[in-house]
Amino acid sequence: MTKKKADGEHIRCVCGAKTVPKQFRLEGIKVRGSECPKCGEAYFNSEDANRALIYNKIKHEIMSGKVAKAGNSYVLRLPKKLVSALGLSVGRTIDIRLDSPTEVVLCI
Ligand SMILES: [Zn+2]
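Quick note: the sequence shown uses the numbering used here, first residue 9, plus one each step.
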């Protein structure tokens, strides 16, 4: 498989055939791209593929966040690499589950 820019559109494969848009899963992360029906070559969207790479690099890593206050709300500041790996953006709502007195799970 080749990691080249592909936004889920038809592109010309190295073999000369036209690729077909396809959604891949790398490390459980959705990656847009396209696949050649003739030779099977895969082309990934570079932004999505980069997210999968960051995810693979930081999974199981213990990171630290910092609690801050914004008005009457508490805010948890997340490491940039975590935000990148998850593809989060400002205003996104996520689910939060308290698993034990010392463990909180964020569900995207
Ligand atoms: Zn091909």
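We put the beta carbon where it would ideally sit given N, CA and C, even for glycine.
If you're wondering where the values come from, they're calculated on a predicted model, not measured in any experiment.
Asked                                                                                                                                                                            : Found
Label Val-39 either buried or exposed according to how many other C-beta atoms from any shown protein chain fall within 10 Å of its C-beta, with 16 as the threshold for buried. : buried
Alpha carbons only, please: which of Pro-87, Tyr-51, Ser-54 is nearest the one belonging to Lys-67?                                                                              : Pro-87
Would you list, in sequence order, the uninterrupted alpha helix (DSSP H) runs of no fewer than 4 residues that lie entirely inside the stretch 25-103?                          : 54-66, 88-94
What's the gap between the Cα of Ala-50 and the Cα of Gly-41?                                                                                                                    : 7 Å
Does ligand 1 have a heavy atom nearer than 7 Å to the CB of Val-28?                                                                                                             : no
Answer yes or no: the CB of Ala-76 versus the heavy atoms of ligand 1, is any distance below 7 Å?                                                                                : no
When you compare only the Cα positions, how much space is there between Ala-60 and Val-91?                                                                                       : 12 Å
How big is the Cα-Cα spacing for Cys-23 and Cys-47?                                                                                                                              : 7 Å
Does ligand 1 have even one heavy atom less than 7 Å from the beta-carbon of Glu-17?                                                                                             : no
Between Ile-127 and the rest of its own chain, which residues show a CB-CB distance below 7 Å, the 5 nearest in sequence each way excluded?                                      : Nothing about residue 127 can be reported from this structure: the residues present for the chain run from 9 to 116 only.
As a quick check of your reading: which residues have a C-beta less than 5 Å from at least one non-hydrogen atom of ligand 1, in chain order?                                    : Cys-21, Cys-23, Ala-25, Cys-44, Lys-46, Cys-47, Glu-49
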